[in-house]
Every structure is written in structure tokens, then in C-alpha cells.
Amino acid sequence: MPQSLNRRQLLGAAAAAGAVATLAAPGAAHAGGSHSSSRRVPRDQISVQLYTLRNQLAIDLEASLAELAEIGYKRVEHAGFVGRTAAQFRAALDAAGLRATSGHVGIPQPFDAGAWERALQDANVVGNKFIVHPFFGQGPSGPIRDAAVYRAFAADLNKAGKLARRAGLSFGYHNHHAEFFRQNGTELTGFDILTGETDDRYVHLEVDLYWAFRGASDPVDLIKKNRGRIKQVHVKDLDVNASFADPGDGLIDFGRIFEHSKEAGLIEYIVERDDAGSPPRTPADALVTAERGYDFLERLRF
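Under mature numbering (1 follows the signal peptide of the UniProt record, and there is no 0), read the sequence shown as residues -31 to -1, 1 to 271, first letter to last.
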């Protein structure tokens, strides 16, 4: 695939495969358009996690960002700066007419206030509104099952959130599936501990809908337990083999979840697919996923 990208060529090349996937997908009926409700995802709240496009961004950052803007995105969530400084990355976003309203940045472990404050400075240079810790729950021997480890990490999340608030940022936590294991010696899951022992003034939730289902947790139940605290979601679909799918092509009924958007406190709906540009897919296939994800959310009615 040449570095000079053409969105119509990319989508044309994927059209046949995409049509087949949509026809075959168990969740295709949830793509919107036939629902009687007029409720929809606001276009200016649709984002894309740039981890989805990591391989393509490494080939041509500026052209890839321009393609995202052509698709219709106004905002993105970064996962690093693709080898640039925060200022250089901001310049590339500005040139494409995009805002990195959110970013994934891990808090230091053990917690280091000085290092975290430098990360917050970079977040403000880039223009983030949200800064989100991306991963926890796995140890060297597999999923963490020790409640004390979760409680210690919750204390660190509170520290990070207080410093983020001082820097004018909203700090969030992004889940995978290991958090939903019950912890030894308690009836609580790791997610229960993290949500119960963090202060909602300092730590909001970014619920990855795919990983929640993989952890056997219904996102609607998570919303009801955490009303007003779920400001962001990752719109990532689950195929029949429990792997990844483009949004709208899998098993997840996103409309059923988004009916509770107000109750959740949702501000951003972030398209993501972990393997979008990884073999056997090509890096540029991630742009097809980004397009399909944006179109799905734009059409969805619930």
C-alpha cells in the first residue's frame, strides 16, 4: 500500500469483504436506520482510539490523520505520540484539523508524582481534556487475584486523579477483562474494588465495552452501578469467536447500551479495534475500520 492514501480506494478495496461481514454478522441488525427512536450519538462526540491505527500512523502520521478528518472525525484519543514530542504531535493534529481530547497514559508504578506531573504537562500541550490509565489487572503469573493489590492501586489512582484535576484534566481508568475476576478472600471483583475505593471526583471510568463482555459483565449493569461516572466508552465489537470485529459487525447491541448514555454520563464514544491493522490485515485496513466505525455510530439510532 503506498504511503499516499486515498480513502475511496481503501474503502473500495474492502467493500466486498465489508458487505459480507455485515450480512453475516449476528449484530448487524443493530447498525441503526430502522429503529423508531430519533436518539443518536452526537457527531462531535465520536472519536477514535489511535491505537487502532498504530501501524498505519508509523508509516505516515500526517496523511493518516488527514484521512481521519476526511472520514468525519473531529476528535481522537492518542496512545503515545508516534515518536514525536508532545508539541510535534499537537502540530500534526492541528494540521489535520483534529483535537486529541483524550489520551492513554499509564500512571507510574510505583507512583511518582514528579513523573506524573510531567505527563500531565504533555497532556496539556497536546490539548487533552481527559487522560486515562489504560491497563491493569495482569501480573507475572496471570490475572491478579489479590484484593490488597487492587486496593493499593486504587490509592494510586486517587493520587493521580487529584494531580490531574489540579492540572485541569479529568483522569479516567480503562478496563480490560481481568478486573472482573473475583478477588481471593472476598466477594468483590477487582473492578468492584477499583470503583469502590476511588473517589469519583478524581477518577472517572472509560468502559471498554468489548472487554467488559469478555469479563462476563453487562455494560448496562456497570452503568447502573456507576451512574454519572462513565464519561467515555470504547466502541469495540465482539465476533462469534470472541475476537474483534468492526463496530456494528459483531454481537454487541450498542443501541441497548447507549439508551443509558445520559444515566452513564457519556461524553465520548471512541471507536477501537485492537487488531485493525495487524497481520493478516494490512496497516491501511485500520482506516477502513475507522470509517466503518464512524459510519456505524453516525447511523445508529436508539
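Cβ atoms here follow ideal geometry from the backbone N, Cα and C, with glycine treated the same way. Treat the numbers as computed from the prediction; the structure is a model and nothing was measured.
Identify every residue that forms a DSSP beta bridge with residue i.
{"i": "N153", "result": "D115"}
{"i": "V240", "result": "V17, V204"}
{"i": "H47", "result": "G72"}
{"i": "H143", "result": "E175"}
{"i": "A214", "result": "D206"}
{"i": "Q90", "result": "None, per the DSSP bridge assignment."}
{"i": "G108", "result": "G111"}
Quick check on the burial criterion: 16 or more other C-beta atoms within 10 angstroms. Buried or exposed for residue i?
{"i": "V204", "result": "buried"}
{"i": "E260", "result": "buried"}
{"i": "D187", "result": "exposed"}
{"i": "P109", "result": "exposed"}
{"i": "S3", "result": "Because S3 carries a pLDDT of 44, less than 50, the predicted location of this residue cannot be relied on, and the following value inherits that uncertainty. Exposed: under 16 other Cβ atoms inside 10 Å."}
{"i": "S212", "result": "exposed"}
{"i": "D81", "result": "exposed"}
{"i": "K200", "result": "buried"}
{"i": "F271", "result": "buried"}
{"i": "R242", "result": "buried"}
{"i": "P252", "result": "buried"}
In its own chain, which residues sit with a C-beta less than 8 Å from the C-beta of residue i, not counting the 5 before and 5 after it?
{"i": "G96", "result": "R59, L62, R68, A69, T70"}
{"i": "P(-6)", "result": "Residue placement at P(-6) is flagged as unreliable, the pLDDT there being 39, under the threshold of 50; a coordinate-derived value is accordingly withheld."}
{"i": "P103", "result": "A48, H73, V74, G75, H143"}
{"i": "T164", "result": "L174, K194, N195, R198"}
State the start and end residues of the unbroken beta strand (DSSP E) segment that holds residue i.
{"i": "T258", "result": "Run containing T258: none in the beta strand (DSSP E); it sits in the alpha helix (DSSP H), 254 to 268."}
{"i": "D177", "result": "173 to 177"}
{"i": "A17", "result": "Reading off the sequence shown, one finds Val at residue 17, where the question assumed Ala. Counting along the chain, the beta strand (DSSP E) containing V17 begins and ends at 15 to 17."}
Could you spell out the range, first to last residue, of the alpha helix (DSSP H) harbouring residue i?
{"i": "I192", "result": "188 to 194"}
{"i": "V204", "result": "Taken as a continuous stretch (DSSP letters only), V204 belongs to no alpha helix (DSSP H), being part of the beta strand (DSSP E) at 199 to 204."}
{"i": "F99", "result": "First-last for F99: 99 to 102, but that is the beta strand (DSSP E), not the alpha helix (DSSP H)."}
{"i": "residue 274", "result": "The displayed coordinates of the chain run from -31 to 271. Any statement about residue 274 would go beyond what the structure contains."}
{"i": "R59", "result": "55 to 65"}
{"i": "A233", "result": "230 to 233"}
{"i": "R225", "result": "223 to 227"}
{"i": "E166", "result": "159 to 166"}
Below 6 Å CB to CB, which residues in the same chain sit around residue i once its five sequence neighbours on both sides are set aside?
{"i": "R196", "result": "E232"}
{"i": "D169", "result": "R198"}
Less than 7 Å between C-beta atoms, sequence neighbours within five positions excluded: which residues of the same chain meet that for residue i?
{"i": "I226", "result": "L178, P188, V189"}
{"i": "L34", "result": "A61, L62, A65, L67"}
{"i": "D13", "result": "K43"}
{"i": "residue 275", "result": "Outside the modelled stretch of the chain, which goes from -31 to 271, sits residue 275, for which no answer is possible."}
{"i": "I192", "result": "I199, H229, E232, A233"}
So residue i and residue j are supposed to be a Cβ contact under 8 Å. How far apart are they, rounded?
{"i": "V101", "j": "H73", "result": "5 Å"}
{"i": "L22", "j": "G246", "result": "6 Å"}
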